[in-house]
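All remarks here apply to the structure that follows.
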Amino acid sequence: MYAIRVHLETPGDRPLPGPPGAPAVRDGLERGLRGPARLSHARILVTPGAVDAMVFVAAGTLLEAEDGLRTAWGELTDPDGPLSGWHLLHCEADSRLALGLHELPSHP
11 MYAIRVHLET PGDRPLPGPP GAPAVRDGLE RGLRGPARLS HARILVTPGA
61 VDAMVFVAAG TLLEAEDGLR TAWGELTDPD GPLSGWHLLH CEADSRLALG
111 LHELPSHP
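When you read off a place in the sequence shown, starting at 1, and then add 10, the result is the number in the working numbering.
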């Protein structure tokens with residue numbers, strides 16, 4: 011399983027209709043991810059100007075996970091998608107989680 015951090019924004023030059031809620035975005039990701047990658051878990055925060063997510067993708071390799079997720083976001087942001095006009099700015103593995111640096115320091 012791979013943890014992938016994602017950030018999308020609306021273009022600054024024109025207003026866009028309100029974004030769909032997090033459940034609709036998650037459903038779109040589930041439909042858009044095709045084997046060998048599949049959605050395991052997602053934490054999605056949707057605001058009027060941005061979507062931030064931490065998506066956990068089960069796949070054979072990190073490359074399969076990232077490529078599959080980029081394809082799924084591409085379907086969400088295409089002209090007929092629910093995030094039409096939005097820009098995918100970041101969709102990469104979370105290096106802190108991958109390196110095991112996510113643990114909080116212990117306090118005596």
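Ideal Cβ positions, reconstructed from N, Cα and C, are used throughout, including at glycine.
Asked	Found
Whole alpha helix (DSSP H) elements within the stretch 36-105, 4-residue minimum	72-87
Exposure label - P115; buried when at least 16 CB within 10 Å	Note that P115 has pLDDT 47, beneath the 50 cutoff, so the model's placement of it is unreliable and no number is given.
Close beta carbons around H17, own chain, < 6 Å, minus the five adjacent residues each side	D62, L99 and H100
Alpha-carbon spacing of R36 relative to P92, whole angstroms	11 Å
Beta-bridge pairing of A32 - partner residues as DSSP gives them	In the DSSP output, where bridge partners are listed per residue, A32 has none listed.
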